[in-house]
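Remarks on the structure that follows.
In UniProt numbering, the protein residues as written are 1 to 107.
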């Protein structure tokens, strides 16, 4: 009986080994945001396409018209995806130009 107690005592006082903490930093990328134009009953196809070409960098005429058709026939179109700050700018510019915009949402 005495040897069993000695064994339990030895186990309780044994040093515990903790895993080493890593100093590695895991970088999470910032989320992208979607700029979405919604269909409405008052903006013309011409106005929507012109706004997209004016305010969205690199927007071609063909792409603007494709997106304008998507807005009309599907009810909405994602016109730009990227970092939050420029997404907010493009969203605001399109809204101020009279387009109906969905709230910004993370991609």
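The beta-carbon is built from N, C-alpha and C at its ideal position, and this holds for glycine as well.
Inter-residue Cα distance where the pair is residue i and residue j
i, j, result
"residue 108", "residue 92", "Only positions 1 to 107 of the chain appear in the structure, and residue 108 is not among them; the question remains open."
"residue 67", "residue 102", "15 Å"
"residue 62", "residue 100", "21 Å"
"residue 107", "residue 98", "24 Å"
Closest Cα partner of residue i within the set the options
i, options, result
"residue 52", "41, 42 and 71", "71"
"residue 90", "54, 73 and 62", "54"
Nonlocal neighbours in the same chain, by C-beta distance under 7 Å from residue i, ignoring five residues either side
i, result
"residue 64", "49, 52 and 53"
Entirely enclosed beta strand (DSSP E) segments - the segment 26-50, minimum 3 residues = Listed in chain order, the complete beta strand (DSSP E) runs (minimum 3 residues) inside the segment 26-50 are 33-38.
The segment 43-50 / the segment 24-31 touching (three or more Cβ pairs under 8 Å) = Not touching, per the Cβ criterion.
Taking 8 Å as the threshold, find out whether the segment 29-39 comes into contact with the segment 73-89 through three or more Cβ pairs.
-> Taking a cut-off of 8 Å for Cβ pairs, the segment 29-39 and the segment 73-89 touch, as three or more such pairs fall below it.
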